[in-house]
Amino acid sequence: MTPPARRLGAALLALCLVACRPAGDPPASAAQAASVPASLSLRAAGTDVQLRASGPAGARWQVVCDTFAGPLVWNGTLPPVPGPAVTRWPRPDARSCEATLHAPPDRAGAPTLLARAVLTLPAAPTTTPAATVTAAAPPSALPAAPAPLTGRLTVTPASVRLGLREPWAAQVTLRRADGTPAPDGTPVLLSADGPAGARLSATRVTVNGEASWQLTPDVPGRYRLQARAGRWQATAVAAAQPALLGRRPPVLWAGPDLEVGPLRWTTGAYPDDGTPVTLQALNRSGRVLWTAQVTTAQGVARARVPTLTGAVTLRLSVAGAGESLPWP
Amino acid sequence: MAVTRLTVLKRAAFVALLLGTLLGGLLALVVASRGLERASRASSQASALNLARRPEAAPPLRWLPAPPGAPRPDGVTLEDLRTAYLLGHSELTYAARSGDPSGLSGRLAGNALSGALAVTRQERHPLLLDWNHRARLLGPDPAGGWQLRVRYWTARALPGPDGWTDLRVTRRDAQVTLREQSGVWRTTDVTLLADTRPDLRAPPALPVRSWRAVTLPADWTDWTPARWQRTLTLAARHDLRPLVLPLPAQPTREQLGALRAALTRLHAAARPAALAFSAPLTLESVPVRAAVAEHAALAAALLTGPVRADDPGSRAALLALRLTHPHLPLLAPVDGPAADLPDLPALNALLSAQLRAPTPGPAAPQVLLTAPPAPRLPLPGRPDRRGPALTLAAWQGGWLLPLDALFGPDDRPTPDAALLLEAGR
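So the protein lines, in turn, are chains A and B.
Quick note, the first sequence lines up with residues 3 to 330 if you use our numbering.
Quick note, the second sequence lines up with residues 4 to 428 if you use our numbering.
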C-alpha cells in the first residue's frame with residue numbers, strides 16, 4: 003500500500019470509530035441532566051391521582067402508594083420531548099403516595115434523586131354500626147358489669163316552660179337480659195348538657211328496676227339528657243322554653259323605688275316568690291345605663307334606682323322572657 | 004476416487020451422531036432451565052411462606068375492650084375472628100412476596116381481595132410485614148359479619164439490585180369487616196383510616212458504663228429453682244447486673260413461658276434483666292422480636308442481635324423496634340463500615356448503646372464492652388485474645404460477658420475474671 007492510500011485508510015478507520023461510538027454517551031447525558039431543572043408534583047384530581055414530572059430525558063419516575071394489601075408501584079421514564087409529562091391513574095385506597103424522580107442511570111453508583119413529592123389522601127368515611135356511637139373513644143377504664151342491662155330513658159314533658167312550676171320527670175327502667183328488673187340499688191347517673199354550658203347531673207338507685215328524677219331547668223334551650231348504668235347508656239332530648247308574660251305589667255314609682263308588677267304569666271298566676279328579675283335602663287341609643295338583679299315578692303319586683311339622665315326604656319327579663327317598657 | 008458405500012454409511016453415522024448430540028444438548032438446556040425456574044420459584048415461595056409465619060408462641064393480636072353497649076358476637080368466638088384476621092395478613096405477606104395469588108381468595112373477599120390481587124400482580128414482589136396488632140370489636144356489620152377497628156405496625160420494602168429499597172415503617176389504623184362465606188371467615192372490607200410514622204424519640208438513656216452484665220448459658224430455660232437460686236446468689240455476691248437471657252431467633256411457647264417466669268423471678272430478687280437475640284437483626288425478623296419484646300415488659304433492655312451499619316434492612320429493623328417500643332432501650336453490636344443511609348435515622352438515634360470489643364484508650368460513654376469469642380481451633384497463628392480483653396474491660400468498666408467465661412464449675416471466678424470482678428466494687 004502506498005503512503006497516501008495508508009493515510010486514507012487510517013482516516014477511514016478513524017471516521018468509522020467515531021461513527022460507531024454509542025449514541026447515549028453517559029458523560030454527555032449527565033451534563034444534560036444537570037442543566038434541565040427537575041420538578042415533580044403529585045395531586046388527587048377527582049377519582050384519579052395525577053403525576054406531573056419534568057426533567058432531563060430518560061429520568062425515571064416512580065410512584066408508590068401504600069394500600070392495606072401492600073405497596074402499589076408505578077414506574078416510567080421521561081420522554082425526550084420538552085415539557086412536563088402527565089400521567090393519571092385511578093386513585094388507590096391508600097392514605098399516602100410518594101413520588102420520586104431519579105436521574106438517568108449512570109455507569110457509576112446509584113442514580114441521584116432529583117425530586118420527591120408526597121401526597122396525603124384523606125380516609126373514606128366509614129360506616130359505623132348505629133349501636134357503637136362511642137367506637138372511636140379511647141379504651142375505657144370502666145369495670146365490666148356483671149350482666150349486661152337493657153333499659154329505657156323517658157323524659158316528660160318533652161318541652162317545659164320556665165317559671166311555670168313545670169319540672170321534667172325523667173324515668174329510667176332497667177332490665178336484665180332475661181327480662182327481670184335490674185337488682186335494687188343499681189346506681190344510675192343522669193346528666194344533662196344544656197345551652198351555654200348549662201349542666202346538671204344526679205345519681206339515683208333503682209327500686210324494682212326503676213329510677214326517677216325531677217329536674218327544673220333555669221336556662222331556656224335544648225337539653226341532651228344521658229343516663230348511664232354500667233355499660234348501658236341512653237340519651238334523650240328535651241327543651242326548656244321561655245315562659246311568656248301574660249300582659250304588660252304596670253310600672254310605678256314608689257318614692258326612690260321603682261316598682262314593677264304585679265307580673266303574671268299567661269295562665270294568670272304570679273311568678274313564684276324569689277323568681278329572679280333583671281331590670282335595665284337604656285338610653286335612646288340602646289346603651290345600658292343601669293342594671294339591677296331583684297326577686298319578685300307577691301309578683302312585684304322592686305329596685306332602688308339612682309338618678310339617671312337620658313333613660314328612655316326599661317327592659318325587664320324574667321325566666322327567659324323579656325319585655326320593654328317606656329321609662330316612667 | 005470412488006466413494007464406497009461404507010464411507011457413505013460412516014459419514015451418515017457421523018452426521019447423525021453430531022445432530023443427535025446437538026439436539027440432546029439443546030433438550031438438556033431446555034429441561035434444565037425449566038427445572039431451574041421451578042426450583043427458584045419453589046425456593047422463593049418457601050421463603051415467602053417463612054415470612055408469612057406469625058409467631059405462634061407470642062400471638063401478634065391483642066383484643067382491646069369493646070366500647071360500652073357494643074353487642075357481643077353470637078355464633079362465632081373471638082378466637083375465630085382473630086384467626087381469620089391474622090390468616091388474612093399472613094396470606095397478604097405470602098402473596099405479595101411470592102407473587103402467588105392462589106391462596107388469597109381463601110382468606111380475603113370483596114375489596115380486600117381486589118386490592119391484594121392488584122398488589123400481587125405487579126412485577127416487583129414487595130416485602131410486607133405486620134406486627135403488634137390491637138383490635139377492638141366494634142359490632143355487627145349491617146350487611147352481615149363483624150367489624151373491627153385495628154391498629155398495627157407495618158413495614159414494606161421493594162426489592163432493589165442490592166438489597167431492599169424504599170423501606171417504610173408505619174403505624175396503621177384500619178376498619179376491617181370479617182364475614183363468613185361458605186363456612187370460612189374472610190376479611191372482606193378494609194378501610195385504611197391512618198397510615199403514619201410517629202415521631203422518633205431519643206433512645207432512652209442507659210447507664211452501660213456501670214454495667215457488670217453476664218449472659219446466662221443457653222439452657223437457662225430449663226433451670227430448676229435450685230439452679231436459679233445458685234445463680235442469683237452468685238450474682239448478688241459479685242454484684243452482677245443485669246442478667247442477660249439469650250433467646251433463639253424463633254422462640255417456642257415453652258421458652259417464652261420460661262422467659263416470663265424468669266423475668267418475674269429476677270424482678271422479685273431486685274436483679275435487673277435484659278433480653279438478647281444472637282441471630283443478626285434483619286427486617287424479616289422484626290415481627291418475632293417485636294412480639295417477644297412485648298412479652299418482656301420487665302426487661303431493662305433488649306439486645307437486638309448484630310446490626311450491619313451499612314445495611315438499610317437492619318437499620319429499618321432497628322427503626323421499627325424503636326418506634327414499636329419507644330421506652331425499651333436497644334443495644335446491638337454494630338459491624339461493617341459506618342454509612343449514612345438516605346431516609347433512615349443514624350444509628351445513634353436508634354441505639355441506646357453499642358456492644359464492642361475493648362480497645363486500648365478511654366471507652367466512649369455509650370459503649371458496652373464484650374470479649375471476642377473463643378477461637379474454635381487453638382491454632383498457633385490465632386491467639387486467644389480474651390485474656391487481654393478482660394484486663395482492658397476491668398480497667399474501663401461497663402461490660403457484658405458470658406457467665407461460663409467468668410466462673411468455673413465450682414462457681415469460683417477464673418484467674419482472668421478475678422481482676423475483672425474485683426474492679427469497680
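Glycine included, C-beta positions come from ideal geometry on N, C-alpha and C.
As the structure is a prediction and not an experimental result, all values here were calculated from the model.
Separation of Arg8 (chain B) and Ala15 (chain B) (C-alpha to C-alpha, rounded to the nearest whole angstrom) is 11 Å. Interface residue (Cβ-Cβ distance to chain B less than 9 Å): Ala117 (chain A) is not classified as such.
Contacts between Ala119 (chain B) and chain A, judged by CB atoms closer than 8 Å, involve Ala71, Gly72 in chain order. Annotated three-state conformation of Tyr272 (chain A) is coil, per DSSP. In the three-state DSSP reduction, Pro73 (chain A) falls in the strand class (E or B). Classified as buried, Trp149 (chain B) has 16 or more neighbouring CB atoms from the shown chains inside 10 Å of its CB. In this structure, the beta-carbon distance from Leu44 (chain A) to Val120 (chain A) falls below 9 Å.
The bridge partners DSSP lists for His241 (chain B) come to none. Taking a Cβ-Cβ threshold of 7 Å, the residues of chain B close to Ser98 (chain A) are Asp198, in chain order.
For Asp407 (chain B), the enclosing alpha helix (DSSP H) stretches over residues 406-409. None of the residues of the stretch 285-309 of chain A has a beta carbon lying less than 8 Å from any beta carbon of chain B. Listed in chain order, the non-local C-beta contacts of Pro113 (chain A) below 8 Å within the same chain comprise Arg62, His104, Ala105, Pro106, Pro107, local neighbours out to five positions each way being set aside. Cβ-Cβ distances below 6 Å link Gly109 (chain B) to nothing in the same chain once the five nearest sequence neighbours on each side are left out. Close CB contacts of Thr175 (chain A) within its chain, under the 7 Å cut and outside five residues either way in sequence, are with Gly153, Arg154, Gly211, Glu212 (chain order).
Using a Cβ-Cβ distance cut-off of 8 Å, the stretch 55-73 of chain B and the stretch 85-103 of chain B are in contact, since at least three pairs of beta carbons, one from each stretch, lie closer than that value. Only buried fits Trp134 (chain B), as 16 or more other CB atoms lie within 10 angstroms of its CB. Residue pairing by DSSP places Val302 (chain A) opposite A:Ala299 in a beta bridge. When DSSP reads this structure, Gln282 (chain A) sits in a beta bridge with A:Thr293, A:Arg317. The shortest CA-to-CA distance from Gly186 (chain B) to any of B:Trp231, B:Gly78, B:Arg230, B:Val153 is the one to B:Gly78. The C-beta distance from Leu422 (chain B) to Ala397 (chain B) rounds to 5 Å, short enough to meet the 8 Å contact threshold. A Cβ-Cβ separation of about 5 Å places Gln64 (chain A) in contact with Thr102 (chain A) under the 8 Å criterion. Among the CB atoms of chain A, one or more fall inside 9 Å of the CB of Arg127 (chain B).
Remark: C-beta atoms of Leu306 (chain B) and Ala273 (chain B) do not approach each other more closely than 9 Å. At a cut-off of 9 Å between beta-carbon atoms, Arg65 (chain B) makes no contact with chain A. Judged by DSSP secondary structure, Val83 (chain A) falls outside any alpha helix (DSSP H); it is assigned neither H nor E.
Of the candidates B:Trp156, B:Thr180, B:Thr224, B:Thr180 places its Cα closest to the Cα of Gly142 (chain B). Positions of the beta strand (DSSP E) runs, each at least 3 residues long and wholly inside the stretch 125-161 of chain B, are given as 130-143 in order along the chain. Put simply, the CB of Gly232 (chain A) is near chain B, with a gap under 9 Å to one of its CB atoms. Listed in chain order, the beta strand (DSSP E) elements of length 3 or more contained wholly in the stretch 208-257 of chain B are 215-218, 246-250.
Taking 9 Å as the cut-off, the beta carbon of Gly401 (chain B) is found closer than this to the beta carbon of Leu372 (chain B). Rounded to the nearest whole angstrom, the C-alpha separation of Ala115 (chain B) and Phe70 (chain A) is 8 Å. When C-alpha distances from Val279 (chain A) are compared across A:Val262, A:Gly270, A:Leu291, the shortest belongs to A:Val262. For Val122 (chain B), the residues of chain A that pass the 8 Å Cβ criterion are Thr69, Ala71, Gly72, Pro73, Leu74, in the order they occur in the chain. Look at Leu372 (chain B) here: in three-state DSSP terms it is strand. Taking a C-beta distance under 9 Å as the contact criterion, Pro220 (chain B) and Asp407 (chain B) qualify as a contact pair. At a cut-off of 9 Å, the C-beta of Asp50 (chain A) has no neighbouring C-beta in chain B.
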